[in-house]
Each structure stands twice: as C-alpha cells, then as structure tokens.
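Q: Last residue of the sequence shown? That's 427 in this note's numbering, and every number before it is there in order. The beta-carbon is built from N, C-alpha and C at its ideal position, and this holds for glycine as well. Computed from a prediction, not measured in an experiment: that's the story for all the values here.
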Amino acid sequence: MAAPLVIRNRNFRLLFTAGALTNLGDGVLVLALPWLAALMTRDAVAIAAVAAAARLPWLLFALPAGVIIDRSDRRKLIARADLMRAGIVLSILLLALGDPVPGAIWALAGLAFLLGSAEVLRDNAAQTILPALVEPQDLEAANGQLWSTEQLTGQFIGPPLAGVLISTGIAVPFGLDVAVLVLAAGLVWLISLPPQVPSRARFAQALAEGIAFMRGDALLLRLAVVLGLANFIAMATITVQVLFAQEVLGLGPSQYGLVLSAGAVGAICGSLLAPRAMRLIGTQACLFLSIAVWGVGYASIGLSNSGWMMGLALTAIMAAAMLWNVITVSWRQRRIPPAMLGRVNSIYRFFGWGSMPLGALAGGAVVALAEQQMSRELALRAPFLLAGLCCLALLAYALARLRLD
23 MAAPLVIRNR NFRLLFTAGA LTNLGDGVLV LALPWLAALM TRDAVAIAAV AAAARLPWLL
83 FALPAGVIID RSDRRKLIAR ADLMRAGIVL SILLLALGDP VPGAIWALAG LAFLLGSAEV
143 LRDNAAQTIL PALVEPQDLE AANGQLWSTE QLTGQFIGPP LAGVLISTGI AVPFGLDVAV
203 LVLAAGLVWL ISLPPQVPSR ARFAQALAEG IAFMRGDALL LRLAVVLGLA NFIAMATITV
263 QVLFAQEVLG LGPSQYGLVL SAGAVGAICG SLLAPRAMRL IGTQACLFLS IAVWGVGYAS
323 IGLSNSGWMM GLALTAIMAA AMLWNVITVS WRQRRIPPAM LGRVNSIYRF FGWGSMPLGA
383 LAGGAVVALA EQQMSRELAL RAPFLLAGLC CLALLAYALA RLRLD
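#1: Near residue 182, which residues of its chain fall below 6 Å by C-beta distance, leaving aside the five closest residues on each side in sequence?
#2: Quick one: grab the DSSP three-state call for residue 394.
#3: Name the residue from 108, 371 and 247 whose alpha carbon lies nearest to the alpha carbon of residue 85.
#4: Work out the CA separation of residue 160 and residue 23 for me, nearest whole Å.
#5: Going by beta carbon distance, what residues of the same chain come within less than 6 Å of residue 119, once the five residues before and after it are set aside?
#6: Please determine, among 241, 326, 180 and 150, the residue with the shortest C-alpha to C-alpha distance to residue 43.
#7: Checking 8 Å against the spacing of the C-beta atoms, do residue 146 and residue 368 come in under that value?
#8: Hey, would you say the C-beta of residue 370 is under 7 Å away from at least one heavy atom of the ligand PLP?
#9: What's the C-alpha gap between residue 414 and residue 80?
#10: Taking just the CA atoms, how far does residue 97 sit from residue 327?
#11: Hey, residue 200 and residue 115 are a contact pair by Cβ (cut 8 Å); roughly how many whole angstroms apart?
#12: Does the stretch 125-135 come within contact of the stretch 60-72, defined as at least 3 CB pairs closer than 8 Å?
#13: Let me make sure I understand the geometry here. Which of 407, 323, 340 and 357 has the alpha-carbon closest to that of residue 332?
#14: Could you please give the first and the last residue of the uninterrupted alpha helix (DSSP H) stretch that includes residue 300?
#15: Between the alpha carbons of residue 56 and residue 40, how many angstroms are there, rounded?
#16: Taking only the alpha-carbon atoms, compute the straight-line gap between residue 389 and residue 266 and give it to the nearest angstrom.
#17: With a floor of 4 residues, list each alpha helix (DSSP H) that falls wholly inside the stretch 92-146, ordered by position along the chain.
#18: Could you tell me whether the Cβ atoms of residue 243 and residue 237 are closer together than 8 Å?
#19: How many Å lie between residue 22 and residue 355 at the Cα?
#20: Taking the CB atoms as reference points, tell me whether residue 344 and residue 296 lie closer together than 8 Å.
#21: Contact between the stretch 251-263 and the stretch 136-156: three or more CB pairs below 8 Å?
#22: Give the C-beta separation of residue 299 and residue 406 to the nearest angstrom, bearing in mind that I take them to be a contact with Cβ-Cβ under 8 Å.
#23: Do residue 58 and residue 105 count as a contact pair if the criterion is CB distance below 8 Å?
#24: Roughly how many angstroms separate the alpha carbons of residue 203 and residue 353, rounded to a whole number?
#25: Please determine, among 306, 402 and 385, the residue with the shortest C-alpha to C-alpha distance to residue 426.
#26: Taking a contact to mean a Cβ-Cβ separation below 8 Å, would you say residue 316 touches residue 339 in this structure?
#27: Could you check whether residue 172 and residue 348 sit closer than 8 Å to each other, using their CB atoms as the reference points?
#28: On the premise that residue 28 lies in contact with residue 38, defined as a C-beta separation below 8 Å, what is that separation, rounded to the nearest angstrom?
#29: Would residue 391 and residue 269 qualify as a contact pair, given that the criterion is a beta-carbon distance under 8 Å?
#30: Can you round the beta-carbon distance between residue 100 and residue 148 to whole angstroms, since I take them to be within the 8 Å contact cut?
#31: Restricting to Cα atoms, I'd like to know which of 250, 276, 261 and 360 is closest to residue 313.
#32: Is residue 411 buried or exposed, if buried means 16 or more other CB atoms sit within 10 Å of its CB?
#33: Between which residues of its own chain and residue 416 is the CB-CB distance below 6 Å, once the five residues before and five after are set aside?
#34: Report yes if the CB atom of residue 177 is closer than 8 Å to the CB atom of residue 289, and no otherwise.
#35: Cα separation between residue 337 and residue 350?
#36: Tell me the residue span of the alpha helix (DSSP H) that contains residue 339.
Now the structure itself:
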C-alpha cells in the first residue's frame with residue numbers, strides 16, 4: 023500500500039503544513055473579527071460592512087490577480103502575500119488594543135479590505151500551484167486533504183480556540199494569527215517548483231486570453247455562476263450569524279465557537295469522503311445533492327432555537343460545501359491548461375467569490391428592512407429562511423443546466 027501523499031511528497035507536505043497554519047489563523051479570525059466588530063457596534067449594517075469589505079477584493083481584484091499569478095513565481099507570491107497579511111493583522115491587533123473611539127468600526131472595515139486583497143493573491147496562487155506539485159491522478163486526494171485540513175484547523179480548532187483566547191483579551195487571537203502567518207510564509211519559501219514558463223503577453227492581452235477561454239467553455243461558466251449565487255446566499259447568512267447566535271440563541275463566544283466547530287466536523291467528513299461518494303453515487307448526483315443539502319440546512323438554522331440545532335445544520339451545510347469543492351476544483355484543475363490556470367481560475371473565482379460582498383450587504387439589509395415590519399428575532403431569522411428558498415431555485419437551475427462531461 024502506497025504511503026499517504028502528505029508523507030511521500032515533500033512539496034505537498036510543505037504546502038499542506040503552511041495551509042494548516044494559515045487556516046488556523048483564519049479560523050481564529052472567523053470568530054474574533056466579527057466579535058471585535060460586535061464590540062464596536064450593534065448595527066447589523068455596520069457589521070455587515072466589515073464582512074463585505076473583506077470579500078470586496080474578490081470582486082475588484084480577482085481578474086488582474088490571475089494575470090499576476092501567471093506572470094510570477096507562485097511560491098514567492100504565496101509567501102509574500104502571507105507576510106502582507108501578517109502586517110495587516112498586526113494593525114488590527116493594535117486597533118483592538120486601543121481605546122474605543124467613534125468610527126472605529128470603519129477603520130476595521132478598511133483593514134478587513136486590505137486583508138481580503140492579500141487573500142485574493144494568496145488563495146488563487148495556492149490553488150493554481152497544486153497541479154505542479156502532485157500528479158494528475160492525485161488531485162482529488164490532494165484537494166480533499168487540503169480542504170479537510172482547512173476545516174479541521176480553520177473551523178474545528180480555530181473558532182473555539184478564539185473563544186478561549188478572547189476571554190483573556192480581544193487582541194490575543196490576532197497576535198496568534200500574526201505568528202502563524204509568518205511561520206507559514208517560511209514553509210512555502212522552502213517549496214521546490216519545476217521550471218515555470220511565465221506568460222510573456224502584455225497584461226491586457228493575457229487577461230483577454232483568459233476571458234476568451236472562459237467564454238468559450240459554457241459549462242465552466244455555468245459552474246462559476248452557480249458558485250457565485252451560492253456564495254451570495256451563504257454570505258447573506260454568515261454576515262448576521264454572530265448576531266443570531268448572540269441575540270436569538272443566547273450563545274457566548276466559547277459556545278459560538280463550538281457551534282462553528284460542529285460545522286467543521288461536517289466539512290472534514292465531506293472533504294475526506296467526497297472521492298468515495300463520487301464513486302458510489304456518481305459525480306453528477308453528488309453535485310445536485312450538495313445544493314439540496316444547503317437549502318435544507320439554511321432553513322433549519324432559521325427555525326432553530328438552540329445552539330446544537332444550529333450546529334447540526336452547519337454540519338450538513340459544510341459537508342455539502344466540501345463535496346462541491348472537491349468535485350469542481352479537481353474538475354477545473356484538469357480542464358484548464360497549466361499556462362492559463364492562474365488567469366482562468368481567477369476569472370472563475372471572480373464570478374464565484376465576487377458576489378460575496380454583495381451577499382454580505384444583502385444579509386444586513388434584510389435584517390434592517392425586516393425589523394421595520396417584525397420583531398428583532400424574526401428579522402434575524404429571515405436571512406436563513408430566504409436562503410433556504412433561494413437554494414431550491416438554484417437546484418432547479420442546476421438540474422436543468424449543470425451536466426459535467
């Protein structure tokens with residue numbers, strides 16, 4: 023029996039370990055950043071603005087990021103992006119240590135925007151570099167291991183750890199993130215890549231080539247649009263999730279961290295079991311199943327009255343999300359030519375992730391508008407119930423138009 027990929031492949035091991043560290047830091051921020059925002063204000067729209075600012079770079083910079091990735095040493099790009107993120111998180115730490123001042127929430131939103139900008143480069147480059155590190159037949163296994171580790175450290179360990187750290191001081195989680203980002207950058211720097219022939223086309227020409235490829239592949243474009251709609255829906259719920267947990271369910275930081283960890287359990291299972299599920303019921307059926315589970319999960323959160331019910335729903339949602347990711351990421355890593363992978367992957371994620379800041383703002387807006395007609399509790403439930411209905415419409419579209427070849 024062959025040794026696990028993470029053991030027999032040094033380069034993958036370095037990327038895997040660096041990813042585990044950065045995702046641990048990201049998982050800490052999943053709870054710490056909105057918690058810090060909620061300490062600054064109780065305005066759902068202002069809190070949504072922080073979440074939107076963190077995702078807005080995917081809408082603004084995803085397209086040029088792809089050209090930069092195809093023209094750069096991807097290893098150095100990942101390491102430098104992590105160092106940039108460390109500096110930005112250090113600034114958030116200093117903001118958290120400062121005395122509360124009017125308008126601090128908008129400074130936090132600005133720093134979240136800068137953090138998201140560095141993340142656009144880092145995440146796209148990391149996904150693009152993988153086919154150069156592993157054999158084509160190992161892509162599903164490699165992606166499954168990366169996604170499962172991301173969820174283990176980023177959702178299962180990170181949020182409850184953040185809850186514990188917040189109890190000692192709101193700035194402490196940000197200090198941990200700075201440390202792991204610096205260490206991860208050092209590990210990525212040690213990766214050995216085969217010789218890379220960067221794109222020599224002019225910036226506009228290189229971008230046009232990527233757009234032309236995307237326009238010429240109808241199925242790839244449809245997948246990107248469905249992902250964009252799914253992420254819009256997800257962000258509309260995630261934005262107000264911390265207020266829902268605090269005000270409707272009465273959860274503290276440690277309890278909320280455990281709820282997020284329950285979602286991570288589902289994500290880990292979904293990542294590791296995705297290849298087996300694809301063999302058992304087929305890739306196409308798994309794709310449709312993912313969307314159906316999202317709809318049921320969101321509606322269940324909207325109807326929940328306890329942390330454990332919310333945790334169970336998040337478990338199902340995250341398992342389905344990871345199943346979708348393993349299927350679609352591996353599929354497009356094979357489908358897109360290596361020389362264009364950075365550009366086309368970034369265009370794909372422009373559609374898939376560019377909708378997230380709009381979804382974040384929509385979640386806050388739904389609560390604000392609903393409060394004018396109903397109680398605060400019902401207004402906080404509304405985004406989740408609407409998300410369930412929207413996923414049903416998304417499933418109908420997928421059944422008609424998404425047929426993987």
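A: Short version:
#1: 279, 280 and 283
#2: Three-state DSSP puts residue 394 in coil, outside helix and strand.
#3: Measuring from the Cα of residue 85, the nearest candidate turns out to be 371.
#4: Confidence at residue 23 is low in this model, with a pLDDT of 48, below 50, so its placement is unreliable and the value that follows should be read with caution. Computed Cα separation, rounded: 15 Å.
#5: 193
#6: 180
#7: The answer is yes: Cβ separation under 8 Å.
#8: With respect to small molecules bound, the structure shown includes none, and the ligand PLP cannot be examined in it.
#9: 26 Å
#10: 46 Å
#11: 7 Å
#12: yes
#13: Measuring from the Cα of residue 332, the nearest candidate turns out to be 323.
#14: 275-303
#15: 24 Å
#16: 10 Å
#17: 96-119
#18: Yes, the pair counts as a contact, with Cβ atoms nearer than the cut-off.
#19: Beyond the ends of the chain as shown, which are 23 and 427, falls residue 22; an answer cannot be given.
#20: yes
#21: no
#22: Residue 299 to residue 406, Cβ: 26 Å. No contact.
#23: no
#24: 29 Å
#25: 306
#26: yes
#27: no
#28: 5 Å
#29: no
#30: 6 Å
#31: Residue 250 is the option with its Cα nearest to residue 313.
#32: It counts as exposed.
#33: In its chain, beyond the 5 residues on either side, 251 and 313 have a beta carbon closer than 6 Å to the beta carbon of residue 416.
#34: Yes, the Cβ-Cβ distance between residue 177 and residue 289 is below 8 Å.
#35: 20 Å
#36: 329-357
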